[in-house]
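Residue numbers (the working numbering): 375 to 633.
We treat Cβ as the ideally placed atom computed from N, Cα and C, and that holds for glycine.
Before any comments, here is the structure.
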Amino acid sequence: MVLKLTFKLSNEKIKYYFSLKRKKNRLNEKKIILEGERLIYQVLQTKNYIDTIILNEADKLSKTRNEILKLAKTKSIPLFIVDTNIIDKLSSTKNNQSIIAISNLPSYDKTNYKDNILALDRISDPGNFGTLLRSAEWFGINNILLSENCVDQYNHKVIRSAMGSQFNIKSIKIVNLDYELNKIKKLNYSILGADKIGESISNINFNKKWILIIGNEANGLSDAVKPYITDLISIPGKGNIESLNAAIAGSILLNELSK
Numbered sequence: 375m376v377l378k379l380t381f382k383l384s385n386e387k388i389k390y391y392f393s394l395k396r397k398k399n400r401l402n403e404k405k406i407i408l409e410g411e412r413l414i415y416q417v418l419q420t421k422n423y424i425d426t427i428i429l430n431e432a433d434k435l436s437k438t439r440n441e442i443l444k445l446a447k448t449k450s451i452p453l454f455i456v457d458t459n460i461i462d463k464l465s466s467t468k469n470n471q472s473i474i475a476i477s478n479l480p481s482y483d484k485t486n487y488k489d490n491i492l493a494l495d496r497i498s499d500p501g502n503f504g505t506l507l508r509s510a511e512w513f514g515i516n517n518i519l520l521s522e523n524c525v526d527q528y529n530h531k532v533i534r535s536a537m538g539s540q541f542n543i544k545s546i547k548i549v550n551l552d553y554e555l556n557k558i559k560k561l562n563y564s565i566l567g568a569d570k571i572g573e574s575i576s577n578i579n580f581n582k583k584w585i586l587i588i589g590n591e592a593n594g595l596s597d598a599v600k601p602y603i604t605d606l607i608s609i610p611g612k613g614n615i616e617s618l619n620a621a622i623a624g625s626i627l628l629n630e631l632s633k
C-alpha cells in the first residue's frame, strides 16, 4: 500500500511525544502513546481518539497494519514516517512492531448506579489491572470504580494488557472508595468482597444489583472498605496453592456473577 497523508516528524514533536511517557504530562495533555498493531487497530475501531500514527515505512505490511492504514486514511489521521530508533525512543516496550499512535484520553460517563459495578481496591500490578478491565468489558460491566492508590490506568503495561478496554468501558472513575461505598450501600446493592475465607460463589444467589470489590494482590481488601461489605465471596479450589492472583480471581467471579 502507498502511504498517503504522510509528514515529517519534527524534533519538537518528538520531544513532545516523548514527554507523554510521564504520568503527569499524560494527564495534563490528556494524551497517551499506544504501541503495537493489535492495540492500535482495536482503538481505531472505537471513537475518534487517535490523532496521529507513527511508523517505519520499511517494515513489511502485515494484514493488521494494512487495516490500520485503511482506517487512518478513512479518518484522515496523519501518518509520520520515521526511523525505527525514533519509535524505540517513544515506545516503552521492545515489541512495539515499529508502529505507535498518539491518542486522546477517553472520556467517560458518570457512574450508572442502576447497573452492576466492579471496584478495584489498591490494585498495584499493571498486568492484573489491565486484565481486570479487559474481563469487565468482556462480561459487559460498564462501571468501574478505582481507589485512589491503584496503579495508573494509563500506564503502558496497563494499556497493553487491557487491549483498549479503557476506550470501550462507559465509566471508569477514581474515587474515595469507602465514601463511595457508603453511598452505594443506601442504593440496595449487594457489596461483595473477594476473599478466600468468604462463602463459595457457587452457594450464593444474588437477586439485586451488586458491586464486586477486588483487593490488593498482597494484602487483600483494605480496612477502609470492609465495614461496607455485605458478603465475602470466594472461589472453591481443589489444588494445594494458597490463592489465585487478583486478575484470575476477579475474572472467574465476574463470570459467575454474570450468568
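| field | ASN470 versus ASN430: straight-line alpha-carbon distance, rounded | value | 11 Å
| task | Look up PHE392 in the DSSP assignment and say whether it is helix, strand or coil. | result | helix
| request: Go ahead and label ILE585 buried or exposed: buried means 16 or more other beta carbons lie within 10 angstroms of its beta carbon, across all protein chains shown. | output: buried
| Among SER564, ASN619 and LEU418, which has the Cα closest to the Cα of LYS570? | ASN619
| query | Of the choices GLN527, GLY572, LEU464 and TYR390, whose alpha-carbon is the least far from that of LEU494? | reply | GLN527
| the region 436-449 touching the region 380-390, judged by at least three CB pairs closer than 8 Å | no
| field | Sequence-distant residues of the same chain with beta carbon closer than 6 Å to VAL376, five excluded per side | value | Caution is warranted here: a pLDDT of 44 is assigned to VAL376, below 50, making its placement in the model unreliable, and the coordinate value is therefore given only provisionally. Once the five neighbours on either side are set aside, VAL376 has no close Cβ partner at all.
| Residue range of the unbroken beta strand (DSSP E) whose run includes LEU520 | 517-521
| request: Indicate whether VAL525 and SER545 have their beta-carbon atoms separated by less than 8 Å. | output: no
| Where are the alpha helix (DSSP H) runs, 4 residues long or more, that stay fully inside the region 532-603, in chain order? | 551-559
| CB of GLY501 within 8 Å of CB of ALA621, strictly | yes
| Taking just the CA atoms, how far does ALA598 sit from LYS560? | 17 Å
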